[in-house]
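A.B. asks: When the count follows my numbering, it moves up by one through the sequence shown with no breaks and lands on 235 for the last residue.
Beta carbons are placed, not taken as given, at the ideal position from N, Cα and C, and that holds for glycine.
One structure is given below, represented as structure tokens, and several questions about it will come after.
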Amino acid sequence: MQALTNDVEIRGVYKQIGRNVILDGIDLEVTQGELLTLL
């Protein structure tokens, strides 16, 4: 059995528009064979 490793890894994403915090500390992991769509 093979261990899965993350092909894409993003940590601590922060996004603010004006005074509004949209994202605060979002983490994202995508491993081999997974499909991800962001809108």
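Could you tell me the distance, in whole angstroms, from the CA atom of E230 to the CA atom of R215?
C.D. replies: The alpha-carbon atoms of E230 and R215 are separated by roughly 35 Å.
A.B. asks: From L232 to V226, what distance separates their C-alpha atoms?
C.D. replies: Between L232 and V226, the C-alpha separation is close to 7 Å.
A.B. asks: Pick helix, strand or coil for Q212, following the three-state DSSP scheme.
C.D. replies: Looking at Q212 - three-state DSSP - the assignment turns out to be strand.
A.B. asks: Would you kindly check if the distance between the Cβ of D223 and the Cβ of I206 is under 8 Å?
C.D. replies: Going by C-beta atoms, I206 is nearer than 8 Å to D223.
A.B. asks: Which partner residues does I222 have in the DSSP bridge list?
C.D. replies: V209.
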